[in-house]
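Residue numbers (UniProt numbering): 1 to 255. C-beta atoms are modelled at their ideal positions from N, C-alpha and C, and glycine is treated no differently. These notes are about the structure you will find just below.
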């Protein structure tokens, strides 16, 4: 159910597995993309509603007026900031405008493929190095439609924006054996776009959700994913890690 709400605080914090603290702005709480591997599924209360934080951009100034301008804030964790609902509400755009005024460094994480980032080029391009787009390639809807990764929408977007001078990093997280061909994805990207990789990480809720998805959509891979989910054995990821760990452009998340 969609709910329009007002919030008293714009920023929350998350604590990644490798330590540290990440400041997060989520213009929405909930996500319509439906990734069966999403770590947010471990929160059983998440995504029961899609909350639209109508006033979030209006309260950013108070929270960031004394912000250390060397620190980075991330847009998008409990939501994808460029999912389709952003066309109507434009809260991500409004937040970016405010962060730009405050000269705050920000990273926007999306795998939506909605192309809405192009709408906001007038805001983010003048931000220069203060803005980074983290563009996800494990978009299951896109992956099932293409065999040639040079035709994959998010890879094309990454290359196009990079050539426009926008700072773009891509992430293949998680690597999905039999679904994401990491070698072909990397080779389809411009050579100086950084690539971040991570394995499938299984939790109490993500395990059953992912197993059900694989059984319904990729039954031929059921055995591979049973090994990952039940025994933490991921032969494909281990091979990718061995192949790419020495490449300075490629980073392995949380390792």
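Under the assumption that residue 133 contacts residue 117 (Cβ atoms under 8 Å), give the Cβ distance between them as a whole number of angstroms.
Looking up residue 133 in the chain shown gives position 133. Looking up residue 117 in the chain shown gives position 117. That belief holds up - the Cβ atoms of residue 133 and residue 117 are roughly 6 Å apart, short of 8 Å.
From residue 187 to residue 125, what distance separates their C-alpha atoms?
In the chain shown, counting from the first residue as 1, residue 187 sits at position 187. In the chain shown, counting from the first residue as 1, residue 125 sits at position 125. The alpha-carbon separation between residue 187 and residue 125 amounts to approximately 26 Å.
Contact under 9 Å by Cβ, residue 109 with residue 136:
For the purposes of this step, residue 109 is identified with residue 109 of the chain shown, where counting begins at 1. For the purposes of this step, residue 136 is identified with residue 136 of the chain shown, where counting begins at 1. Yes. Within cutoff.
Below 8 Å, can you find three or more Cβ-Cβ pairs linking the segment 60-80 to the segment 95-102?
Touching, per the Cβ criterion.
Count the other C-beta atoms from every protein chain shown that fall within 10 angstroms of the C-beta of residue 228, then say buried if there are 16 or more, exposed otherwise.
Residue numbering aside, residue 228 sits at position 228 when the chain shown is read from its first letter. Sixteen is the threshold: when 16 or more other Cβ atoms of the shown chains lie within 10 Å of the Cβ of residue 228, as they do, the residue is buried.
What separation, rounded to the nearest whole angstrom, lies between the Cα atoms of residue 259 and residue 197?
This structure leaves residue 259 out entirely; the chain is present only between 1 and 255.
Can you pull the DSSP bridge partners for residue 51?
Start at 1 with the first residue of the chain shown, and residue 51 comes out as number 51. The partner list for residue 51 (beta bridge, DSSP) reads 3, 29.
Going straight from the alpha carbon of residue 38 to that of residue 206, what length do you get?
Numbered from 1 along the chain shown, position 38 holds the residue referred to as residue 38. Numbered from 1 along the chain shown, position 206 holds the residue referred to as residue 206. A direct Cα-to-Cα measurement between residue 38 and residue 206 gives close to 7 Å.
For residue 259, count neighbouring Cβ atoms within 10 angstroms of its own Cβ and tell me buried if that reaches 16, exposed if not.
Because the chain spans 1 through 255 in this model, residue 259 falls outside it and cannot be assessed.
In terms of alpha-carbon separation, which member of 204, 157, 177, 129 lies closest to residue 219?
Locating residue 219 in the chain shown gives position 219, where the first residue counts as 1. When only C-alpha atoms are compared, the closest one is 177.
Residue 244 - containing alpha helix (DSSP H), residue span:
Numbered from its first residue, the chain shown carries residue 244 at position 244. Residues 235-244.
How close, in whole Å, do the beta carbons of residue 50 and residue 82 come, if the pair is a contact with beta carbons under 8 Å?
Start at 1 with the first residue of the chain shown, and residue 50 comes out as number 50. Start at 1 with the first residue of the chain shown, and residue 82 comes out as number 82. The beta-carbon distance between residue 50 and residue 82, rounded to whole angstroms, is 14 Å. This is too long to meet the 8 Å contact definition.
In three-state terms, what does DSSP make of residue 24?
Looking up residue 24 in the chain shown gives position 24. Three-state DSSP puts residue 24 in a strand.
Expressed to the nearest angstrom, what Euclidean distance is found between the alpha-carbon atoms of residue 161 and residue 179?
Your numbering for residue 161 matches position 161 in the chain shown. Your numbering for residue 179 matches position 179 in the chain shown. Residue 161 and residue 179 have their C-alpha atoms spaced approximately 25 Å apart.
Under the rule that 16 or more other beta-carbon atoms within 10 Å means buried, what is residue 121, buried or exposed?
Stepping through the chain shown from its first residue, residue 121 is reached at position 121. With fewer than 16 other Cβ atoms within 10 Å, it is exposed.
By Cβ distance, which residues of its chain are closer than 7 Å to residue 153, with the 5 residues on each side in sequence left out?
Within the chain shown, residue 153 is the residue found at index 153, counting from 1. Correct list, in chain order: 113, 142.
Is it the case that the Cβ atoms of residue 225 and residue 240 are separated by a distance below 9 Å?
Taking the first residue of the chain shown as position 1, residue 225 is located at position 225. Taking the first residue of the chain shown as position 1, residue 240 is located at position 240. It is not a contact, given that the beta carbons lie outside the stated cut-off.
Backbone secondary structure at residue 118 - three-state DSSP
Along the chain shown, one-based indexing puts residue 118 at 118. Here residue 118 sits in helix by DSSP.
Output yes or no for whether 9 Å exceeds the beta carbon distance between residue 23 and residue 210.
Here residue 23 refers to the residue found at position 23 when the chain shown is read from its first residue. Here residue 210 refers to the residue found at position 210 when the chain shown is read from its first residue. The answer is no: Cβ separation not under 9 Å.
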